[in-house]
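Visitor: No gaps in the numbering here: position 118 of the sequence shown is 122 in this note's numbering, and each next residue is one more.
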Amino acid sequence: MLISIPQVLAFILVTNITPGPNNISSAQTGLSIGYKQSLPYLFGIISGVFCLLLFGAFASSFVLTIFPSIEKVLCIAGALYILYLAWKTFRSDYSFNEKNITKPLNFINGIFLQIMNPKAIVYCLTLYSTVLAGLHGHINYLFISAIFSVAVTFLSVSIWALGGSIIRNLMRNKKIKRVVNLVLSLLLVLTAMQLVFSVF
């Protein structure tokens with residue numbers, strides 16, 4: 005299967021920037037102790053995500069090498085998951101509770117969050133079994149894609165940590181929130197449609 009760069013970028017960017025455990029906790033931590041003091045936690049997040057990405061890359065590559073005919077099934081399942089993400093994105097309210105953080109979160113907290121972060125786990129598996137399925141067997145490209153993806157993750161959690169209060173206040177405007185959510189969810193729907201069309 006050929007790789008569509010716009011499709012890959014849309015999936016990686018939208019799934020990383022939208023609300024989830026990593027982004028919300030980063031915003032809470034940034035509001036509580038400031039961006040500089042949040043960096044150990046953010047580095048923990050990206051370290052955990054990088055491990056998940058490598059696991060997703062090699063697990064998907066193994067499955068697709070042993071069972072190449074399963075690619076269509078994985079693409080359809082991935083498309084359904086992306087549509088679910090689109091729905092969740094459309095309904096996102098960007099709310100979080102500043103009082104939830106009682107002490108600074110550290111590097112280890114950031115890593116262990118990924119073990120209990122279903123969005124990150126499913127994202128990593130979906131990324132390599134669908135939009136990047138064409139990379140299976142190419143170890144160098146798998147590593148490069150993981151590095152790129154984790155760089156986007158760091159950018160995303162940094163934006164949330166730096167601008168948590170700004171994002172929250174901006175999204176209190178229902179019109180702005182509706183437009184942002186609509187655009188992001190439509191990008192995900194387009195990604196899901198391209199996935200399905202690519203295997204038929």
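Ideal Cβ positions, reconstructed from N, Cα and C, are used throughout, including at glycine.
Taking only three categories from DSSP, how would you classify Met175?
Guide: If DSSP states are grouped into helix, strand and coil, Met175 belongs with coil.
Visitor: Please state whether DSSP places Arg95 in a helix, a strand or coil.
Guide: Note: Arg95 maps to coil in three-state DSSP.
Visitor: Output the boundary residues of the alpha helix (DSSP H) element that contains Ile119.
Guide: Ile119 -> alpha helix (DSSP H) spans Phe111 to Ile119.
Visitor: Give, in chain order, every unbroken run of the beta strand (DSSP E) that is at least 3 residues long and sits entirely within the stretch 10-59.
Guide: Qualifying beta strand (DSSP E) stretches: none in this window.
Visitor: What does the Cβ neighbour count give for Thr195, buried or exposed, with the cut at 16 atoms within 10 Å?
Guide: The residue is buried, with at least 16 neighbouring Cβ atoms inside 10 Å.
Visitor: For Tyr88, count neighbouring Cβ atoms within 10 angstroms of its own Cβ and tell me buried if that reaches 16, exposed if not.
Guide: Under this definition Tyr88 is an exposed residue.
Visitor: Taking only the alpha-carbon atoms, compute the straight-line gap between Gly82 and Leu109 and give it to the nearest angstrom.
Guide: Approximately 32 Å between the Cα atoms of the pair.
Visitor: Which residue marks the beginning of the alpha helix (DSSP H) containing Leu129, and which one marks its end?
Guide: Taken as a continuous stretch (DSSP letters only), the alpha helix (DSSP H) holding Leu129 covers Pro122 to Thr130.
Visitor: Between the alpha carbons of Leu166 and Pro23, how many angstroms are there, rounded?
Guide: Their backbone Cα atoms lie some 15 Å apart in a straight line.
Visitor: Whole angstroms are fine: how far does the CA of Thr69 sit from the CA of Ser153?
Guide: Distance between the alpha carbons of Ser153 and Thr69: 23 Å.
Visitor: Using the three-state DSSP reduction, which class does Phe152 fall into: helix, strand or coil?
Guide: Phe152: helix per DSSP, three-state reduction.
Visitor: Within a Cβ cutoff of 6 Å, which residues of the same chain sit near Asn20, ignoring the five residues on either side of it in sequence?
Guide: Once the five neighbours on either side are set aside, the close Cβ partners of Asn20 are Val156, Thr157 and Ser160.
Visitor: Measure from the alpha carbon of Val18 to the alpha carbon of each residue in Leu190, Met197 and Gln198, then state which is nearest.
Guide: With distances taken between Cα atoms, Val18 lies closest to Leu190.
Visitor: Which class does Leu136 belong to by DSSP, given the choice of helix, strand or coil?
Guide: It is coil, neither helix nor strand.
Visitor: DSSP on Gly141, reduced to helix/strand/coil?
Guide: Gly141 falls in the coil class under three-state DSSP.
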